[in-house]
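First up is the structure itself, then whatever we jot down about it.
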Amino acid sequence: MTRPADAASPAPPVPSADAAPSAADAPGTPPAAAAAQDVLTVRGLTVSVRDLQLVSDVDLSVGPGERVGLIGESGSGKSLTALSLLGLLPEDVTATGSVRLAGIDHDLIGAGERRLSRIRGNHLAMVFQEPMTALNPTMRIADQVAETMLIHHTRSGRRTARSAAIDLLDRVELTGVARAYPHQLSGGQRQRVVLTIALANDPTLLICDEPTTALDVTVQAMVLDLILRGVTARDAALLFITHDLAVVATICQRVLVMYGGRVVESGPVHQVFTAPRHRYTEGLLAASDLESADSGEVTSAEPARRRLPTIQGTVPAAGHFPDGCVFRTRCPQATDLCTTPPPWTGTPTTGYACHHPAGAPHA
Ligand SMILES: Nc1ncnc2c1ncn2[C@@H]1O[C@H](COP(=O)(O)OP(=O)(O)OP(=O)(O)O)[C@@H](O)[C@H]1O
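Be aware that the sequence shown starts at 17, since it is given in the working numbering, and climbs by one per residue.
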């Protein structure tokens, strides 16, 4: 596939199609934010382990204050993409391509650990699924938040940082746990602490990788609300990785769909979720508990009342996706043409790579 440069937990409440208010979300109109100087610009990101390519030629950009979702089945390469951006890949895994952040004059790919750790937690922050991995079990909560502030703002005094930390905890209704240790908190409280730490230095980009998957429904909604309020208040951009399409419909303006380590479709959430073009996106939506495009509305369905279709076949093992269209071995529309790489059709931020797109006559 070639593209131009730049190219099930219960669902939380999902807004109606017109509830994500932005002229940029109008079908066919690339978001204005992406046209401004992007906060994040990824070009040709390829991630490999030994001779296996796990992520191939990913282009992705996030505009200032823009909220972008990255979706796809397990094994599609979402987490490896995020870890590459953060310089946190395991030792045996290598990344090539380019990852640029606004305001940073060097490429993050190939940057040394000292440079990367200055960027992480400052310009770029992240929240992962399991909050315990991000917290120090032997340190009180307020001290952990204060420490993050001190690492990046060494001129603040410890006392000032601690009082700022308590203020931040207060804003997420966690004042009562300031003196507690992580093991004394619930999973939802821990994730709120991690989010507080992530946002403590007003990053320009927050990356969340399945931050609510391990939480129960009511807590999920609260954490999502905090993420949304936290990035909005700071005008920070958000890259949100999830399996959960309803969450993306709730909080994101734009979405990228990954399969087989590639971006197969991208565009405004409403457009992609109501009129998907790539056959994989179409299958993913049909297998989700979002109503399909036919009604013109994206609404929360009642999964218990209807049997959801599934995408036929299984995801091939990592690095063993077919040549040509990576989805062709599972695609009901596949023809011989699909043994050749589908070209990217559309604009850099809104398009798809499929020989037989949905909504077009089958050739
Ligand atoms: N260190 C590694 N060595 C070999 N294969 C790996 C390694 N890390 C990840 N993979 C494989 O790469 C593929 C992509 O992994 P990744 O974690 O990015 O997927 P994902 O889309 O985030 O899935 P999930 O939603 O389950 O986290 C998977 O098939 C995974 O097994």
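Glycine included, every Cβ here is placed at the ideal spot set by N, Cα and C.
Less than 6 Å between C-beta atoms, sequence neighbours within five positions excluded: which residues of the same chain meet that for residue i?
{"i": "S95", "result": "D225"}
{"i": "L132", "result": "G103"}
{"i": "T57", "result": "S77 and R116"}
{"i": "G277", "result": "L70, V71, S72 and G93"}
{"i": "I213", "result": "V161 and T164"}
At a cut-off of 7 Å, is residue i close to ligand 1 when judged by its beta-carbon and the heavy atoms of the ligand?
{"i": "L70", "result": "yes"}
{"i": "S282", "result": "no"}
{"i": "S92", "result": "yes"}
{"i": "H382", "result": "This structure gives no information on residue 382, because the portion of the chain shown stretches from 17 to 379."}
{"i": "L76", "result": "no"}
{"i": "V279", "result": "no"}
{"i": "S95", "result": "yes"}
{"i": "V143", "result": "no"}
{"i": "P106", "result": "yes"}
{"i": "A334", "result": "yes"}
{"i": "G88", "result": "yes"}
With a threshold of 16 other CB atoms inside 10 Å of the CB of residue i, please say whether the residue is buried or exposed.
{"i": "D67", "result": "exposed"}
{"i": "A177", "result": "buried"}
{"i": "L353", "result": "exposed"}
{"i": "A42", "result": "Confidence at A42 is low in this model, with a pLDDT of 32, below 50, so the placement of that residue should be treated as unreliable; the coordinate-derived value is given next. Counting Cβ neighbours within 10 Å, A42 comes out exposed, since fewer than 16 surround it."}
{"i": "R208", "result": "buried"}
{"i": "T356", "result": "exposed"}
{"i": "R245", "result": "exposed"}
{"i": "P37", "result": "With a pLDDT of 31 at P37, under the threshold of 50, the predicted position of this residue should be treated as unreliable, though the coordinate-derived value follows. Classification for P37: exposed."}
{"i": "P198", "result": "buried"}
{"i": "T112", "result": "exposed"}
Taking only the alpha-carbon atoms, compute the straight-line gap between residue i and residue j and give it to the nearest angstrom.
{"i": "A374", "j": "L254", "result": "29 Å"}
{"i": "V74", "j": "M274", "result": "9 Å"}
{"i": "L329", "j": "T345", "result": "Reading the sequence as shown, one finds Gly at residue 329 and not Leu. Near 8 Å, if we compare the C-alpha coordinates of T345 and G329."}
{"i": "N152", "j": "G203", "result": "15 Å"}
{"i": "D260", "j": "T228", "result": "10 Å"}
{"i": "G283", "j": "T366", "result": "4 Å"}
{"i": "A252", "j": "L215", "result": "9 Å"}
{"i": "T290", "j": "G85", "result": "15 Å"}
{"i": "P359", "j": "V279", "result": "12 Å"}
{"i": "T297", "j": "D186", "result": "41 Å"}
By Cβ distance, which residues of its chain are closer than 8 Å to residue i, with the 5 residues on each side in sequence left out?
{"i": "Q205", "result": "L190 and V193"}
{"i": "D159", "result": "R178 and A181"}
{"i": "I120", "result": "I135 and H139"}
Once the 5 residues before and after residue i are set aside, which same chain residues still bring their CB inside 7 Å of it?
{"i": "G91", "result": "V331 and A334"}
{"i": "A303", "result": "L324, P325, T326 and I327"}
{"i": "A49", "result": "Interpretation of A49 is limited by its pLDDT of 40, a score under 50 that renders its predicted location unreliable; the figure taken from the coordinates is listed afterwards. Same-chain partners within the cutoff: A40, G79, P80, G81 and E82."}
{"i": "A127", "result": "G103"}
Could you name each continuous alpha helix (DSSP H) segment of 4 residues or more that falls completely within the region 73–146, going from the start of the chain to the end? 94–102 and 129–135
Fully enclosed by the region 196–250, which beta strand (DSSP E) runs are 3 residues long or longer? 221–225
Sequence ranges, beta strand (DSSP E) only - wholly within the region 330–379, length at least 3: none
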